[in-house]
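Residue numbers (UniProt numbering): 1 to 372.
Given below as C-alpha cells:
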C-alpha cells in the first residue's frame, strides 16, 4: 500500500484454499480445478495486511450477489438518502468506482444523484446502459487519470478497493476527479471484525488487502482525502468512510500577520531614541527568520546571544554579526529588540537588572510587539 517492504515471513499461510470466489468450475472444468496456498503478509512500513499472491484474473471487474438482497436494498436506500441529505448532494454528479451491472447506480439515482458508473467489464457496462443508467468502460490505474465525465461532486465505492493491487493510485485518481468541495462514501470489508471474531474463512484470493479502521483511514489520507468519519456498518462486516477532498491549507492569515509585525517593528525602530542604534537579543531560528523577512540587517547594528558557539558568526541572510551579551556594554545601543521565544521575559529582566536602565526594550511575542 505504501510501497514498503513486506516482513519476510507470512503472518499466516492457508493451504488448499479456493483460487477465486467467482466463476466457479463447471462439470467440464472441475477436474482441472486445484486449491491454492494463500500467504497473508504485512507491510513493515504502514502495517497493512495483504496477500502476496497475484490478483485473480477478473480483479478489475465487479460481480455482486448481495446487492439483490431485499435487506441490503433497504439498507442502501436509507444510507444513500442520508448521505445525500447530509452533504447537500441533490442532483449532484456522482461517480461509482466499480459499478458492476448498475445494482447500486440505480439506488444512487433513486436517492437524487446523477450517478456515472465506471466498470471494466464491457458486458456489465452494456447492462447498465440497457437499464437507462450512465456508465463507461474503464479502470482507475494511474493517479493522473482524468475521466471525461468528471469532475464529480461525490464518489462511491462499495467493497471493491480491497480487490485492487494498487488502491492508492486508483483513489488518488478518484480524488483528482472530484470537485474541490467533493465528498465520498468508500467501503471495504472490516478486518477489525475478522480479527475479533477469528474469521479465518474470510480470506480469499479476490481480496488482496484487509483493512482495519486504522489502515483504511491512513490510506485514504495518503490519497488526498480528509476522513470525516469511519464507522463499522452492516452487522460490523463493513468499514464505511465518509471523506472529503482535502483542501489546500489557507496561510493567508500568516502572511497578513507578517505584514503587521513588519509594520510594528519598523515603526518601533523609527521611534528608537538617541542615535537610533539597535541590537537584537536572540539568534534562534525564529529570530533569524524575522531578521531576514523584516529586513533588519539594514536597521540593526548587531545581535547578541548567550550561546558561545554562535558568537563570532553572522546571521544567515541578514548578515548581522553575533556577539556575547557583554557587547551591550562595550558598544552601547539605544534600544534592544528581544526575540528569545520562551526565554524573552528572562532576558528582559536581565537587561533591566544588569544593563543601562535607560535602554528602550521591546519583546517580539507570539501576539505582537510589547514594550517592557
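Glycine included, each C-beta is placed from N, C-alpha and C at the ideal position. Predicted model only: the values in this text are computed from it and were never measured.
Residues near residue i by beta carbon distance below 7 Å, same chain, minus five either side
i, result
"residue 139", "60, 120"
"residue 228", "242, 243, 244"
"residue 114", "91, 92, 93, 94"
"residue 177", "95, 146, 147, 150, 151, 152"
"residue 315", "283, 288, 291, 303, 322"
"residue 52", "6, 39, 41"
"residue 125", "119, 135, 136, 137"
"residue 216", "188, 230, 239, 241"
"residue 84", "90, 111, 112, 113"
Nonlocal neighbours in the same chain, by C-beta distance under 8 Å from residue i, ignoring five residues either side
i, result
"residue 235", "none"
"residue 401", "Residue 401 lies beyond the range of the chain shown here (1 to 372); nothing can be said about it."
"residue 368", "260, 261, 264"
"residue 278", "269, 272, 299, 300, 301, 333, 334, 335, 336, 337"
Residue environment, residue i, which counts as buried when at least 16 other CB atoms sit within 10 Å
i, result
"residue 155", "buried"
"residue 12", "exposed"
"residue 357", "exposed"
"residue 153", "buried"
"residue 101", "buried"
"residue 339", "buried"
"residue 189", "buried"
"residue 312", "exposed"
"residue 196", "exposed"
"residue 162", "buried"
"residue 225", "buried"
"residue 104", "buried"
"residue 249", "exposed"
"residue 117", "buried"
"residue 142", "exposed"
"residue 378", "As displayed, the chain neither begins before 1 nor continues past 372, which places residue 378 out of reach and without an answer."
"residue 371", "exposed"
"residue 201", "exposed"
"residue 251", "exposed"
"residue 23", "exposed"
"residue 375", "The question about residue 375 has no answer here: the residues shown for the chain are numbered 1 through 372."
"residue 172", "buried"
"residue 267", "exposed"
Own chain residues within Cβ distance below 6 Å of residue i, not counting five before or after
i, result
"residue 292", "317, 318"
"residue 204", "21"
"residue 210", "49, 191"
"residue 287", "339"
"residue 109", "115"
"residue 207", "162"
"residue 281", "304, 336, 338, 347"
"residue 232", "190"
"residue 167", "161"
"residue 25", "33"
Where residue i falls: helix, strand or coil (DSSP)
i, result
"residue 371", "strand"
"residue 245", "strand"
"residue 23", "coil"
"residue 365", "strand"
"residue 375", "Lying outside 1 to 372, the shown extent of the chain, residue 375 is not represented and no answer is given."
"residue 156", "strand"
"residue 116", "strand"
"residue 182", "strand"
"residue 131", "coil"
"residue 291", "helix"
"residue 286", "helix"
"residue 36", "strand"
"residue 9", "coil"
"residue 175", "helix"
"residue 147", "coil"
"residue 125", "helix"
"residue 30", "helix"
"residue 296", "helix"
"residue 168", "helix"
Extent of the continuous beta strand (DSSP E) to which residue i belongs
i, result
"residue 232", "225-233"
"residue 51", "49-51"
"residue 280", "278-281"
"residue 335", "335-338"
"residue 302", "302-304"
Range of the contiguous alpha helix (DSSP H) that encloses residue i
i, result
"residue 79", "70-87"
"residue 373", "Because the chain is modelled from 1 through 372, residue 373 falls outside the range shown and cannot be assessed."
"residue 262", "252-270"
"residue 160", "Neither: residue 160 is in no alpha helix (DSSP H) and is coded neither H nor E."
"residue 108", "103-110"
"residue 196", "191-196"
"residue 199", "Element bounds for residue 199: n/a, residue is neither H nor E."
"residue 330", "327-330"
"residue 348", "344-354"
Residue i Cβ short of 8 Å to the ligand PLP heavy atom set
i, result
"residue 240", "Among the components of this structure there are no ligands whatsoever, and the ligand PLP is therefore not found."
Handout entry: Cβ contact check for the segment 342-349 and the segment 255-264: 3 or more pairs under 8 Å
Key = no
Handout entry: Given 8 Å, three or more beta-carbon pairs between the segment 320-336 and the segment 301-309
Key = yes
Practice task
Decide yes or no for the touch test of the segment 96-110 against the segment 32-47: beta carbon pairs closer than 8 Å, at least 3 of them.
Solution key: no
Practice task
Could you tell me whether the segment 121-139 touches the segment 65-84, using the rule of 3 or more Cβ pairs below 8 Å?
Solution key: Under the Cβ criterion (8 Å, minimum of three pairs), the segment 121-139 does not count as touching the segment 65-84.
Problem - Inter-stretch contact at 8 Å, needing at least 3 Cβ pairs: the segment 172-184 / the segment 28-35 - result: The segment 172-184 vs the segment 28-35: no contact.
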